[in-house]
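Residue numbers (my numbering): 561 to 1086.
Structure below.
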């Protein structure tokens, strides 16, 4: 788009002034006082604002206006920029101005109005690094189509002008680091009306670029602009209200977001419900469902939740009931088919006192038969035929967990897996071939088992040692060696697995305090 600086634009600007006056004429809170002769250096008049009626008792302030006009061959609707003199911009720093540009199509009556609200913080951003230029091409915005939108913008502009004028010459921006450093917790902003309810206010702030001000506690009640630019805000909070379907509660809370004027409810990162109108939950609702499952326990709960939604067709969010019309028949059928096996394997892990979250995404193909085998033996208590096997302890790895299990083979060749720690005492052979009894946990010294095994019942360790101490006089010596092994495992895991290392440290502490241990060549009861 090319501007002709030699062309007389006075006529265009007069027509723009008339268009603006016609637009404002219906307003109950704005009056225009515009100069058609354009004799003022940087302004063409003012807009007078009133709180209610257009009389002196309701007058709240005035806004300077500058209007420019130019003729173009074709309108540019997006990212339209207009050259403004730097001297004018510097003048507007201390007299915030609404700058209006009228584009008139060549040999036509068609015209478009654009504008820019030039507040001190806006101008400082525009001038940054360009102070020595004569003119700056400034991005303009489409003029509001609705009068009430323009009224609201002018009311906010007037308030922002008064808050920012004190900082017109201040180049220091209050950024996030400064906010944290000063421990600032109180912030303000301007909205078109003090009568907005909470929902209306949140919708306004999530759709309208807004200046935020930090309240500086220095006895002067100063409000300093934050970051120097307008922001569209997003709101998010956890709501401690249960999510239930068909009378069963699945989740204790949900996340409520307001963004771009829409309200969004997130339920445990599985269902997202977006209400098209934040004011009215009966309006268009968009529902998306994620089926990314990771941990077994969480997967079971989510699967039951989705199946219930499909069967019931309704969901209770707190005390509000919402119809859920989503076509998830195929998903619900697939989950219904696999859910019994998921639950059966979780039952196995519970029986084996596994606290670690089992990751279903890392199961290898060859491990699925082993899962079925454990469900059959440990879960259902039924022996299986897995070929010729030997009795003994086996460390079995499935996905991200490692289990220490006991395999026993009966006279018919049938095998049965069971919890290695079910018996608290084991028998071992001493150097002189004498048989002796010890705590089953003494076995864990071998092959990094304290580090690797995930089905250790930590709460049963001390009772096992106490029981074995009654049967074997060497328990003190064994416990001493076990303690060293546990501390080495703790040292290895302390920066890798917080939960397990914490268990190990507590176990070492319990052994030290509860079992007589060998120390400095003697025996002490710690």
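Backbone N, C-alpha and C define an ideal beta-carbon position, used for all residues, glycine too.
Everything numeric in this text was worked out from a predicted model, so none of it was measured.
Whole-number beta carbon distance between residue 835 and residue 845, since they are thought to touch under 8 angstroms: 6 angstroms
Through-space distance from residue 790 to residue 703, alpha-carbon basis: 18 angstroms
Residue 759 - containing alpha helix (DSSP H), residue span: 758-767
Range covered by the alpha helix (DSSP H) that runs through residue 992: No alpha helix (DSSP H) contains residue 992, which DSSP labels as neither H nor E.
Counterpart residues of residue 914 in DSSP-defined beta bridges: Residue 914 pairs with nothing; no bridge assigned.
Selection from 799, 1038, 749, 883 that minimises the alpha carbon distance to residue 871: 883
Separation of residue 851 from residue 997, as counted between CA atoms: 51 angstroms
Exposed unless 16 or more other CB atoms sit within 10 angstroms - verdict on residue 747: exposed
Span separating the alpha-carbon of residue 640 from that of residue 1054: 60 angstroms
Run of the alpha helix (DSSP H) containing residue 637, from where it starts to where it stops: Premise fails: residue 637 is in no alpha helix (DSSP H) and is neither H nor E.
For residue 808 and residue 683, the rounded distance between their alpha carbons: 57 angstroms
Three-way DSSP call (helix, strand, coil) for residue 576 in this model: helix
Inter-stretch contact (C-beta, 8 angstroms, three-pair minimum) for the stretch 1002-1014 and the stretch 966-977: no
Cβ neighbour criterion (16 or more within 10 Å) applied to residue 1015: buried
Residues near residue 811 in its chain [Cβ-Cβ closer than 7 angstroms; skip 5 each side]: 802, 803, 827, 828
Beta-carbon proximity of residue 733 to residue 788, cut-off 8 angstroms: yes
Identity of the residue in 984, 671, 928 nearest residue 1030 by Cα: 984
Contact set for residue 739: own chain, Cβ-Cβ below 8 angstroms, skip 5 residues either direction: 774, 786
Residues near residue 720 in its chain [Cβ-Cβ closer than 7 angstroms; skip 5 each side]: 679, 750, 771
Cβ contact (3+ pairs, closer than 8 angstroms) linking the stretch 936-952 and the stretch 873-888: no
Neighbourhood of residue 594 by C-beta distance below 6 angstroms, restricted to the same chain and skipping five residues each side: 577, 604, 605
Residue nearest to residue 977 in terms of C-alpha spacing, selected from 718, 991, 936, 961: 936
With 16 other Cβ atoms within 10 Å as the buried cut-off, status of residue 954: exposed
Residue environment, residue 989, which counts as buried when at least 16 other CB atoms sit within 10 Å: exposed
Per DSSP, the bridge partner or partners of residue 973: Paired residues: none, contrary to the question.
Residue 766 burial status per 10 Å Cβ neighbour count (16 or more: buried): buried
Beta strand (DSSP E) segment containing residue 808, residue limits: 808-811
Residue from 602, 724, 611 whose Cα sits closest to the Cα of residue 712: 611
Reduced DSSP secondary structure (H/G/I, E/B, other) of residue 583: helix
Coil, strand or helix - residue 624 by DSSP: strand
For residue 634, the nearest candidate out of 868, 665, 573 (CA to CA): 665
Option in 994, 722, 907, 1045 with minimal Cα separation from residue 1068: 1045
Segment limits, beta strand (DSSP E) that includes residue 797: 795-799
Test item: CB-CB of residue 1034 and residue 1002 under 8 angstroms: no
Alpha-carbon to alpha-carbon, residue 753 and residue 743: 29 angstroms
Element boundaries [beta strand (DSSP E), containing residue 618]: From DSSP, residue 618 is part of no beta strand (DSSP E); its letter is neither H nor E.
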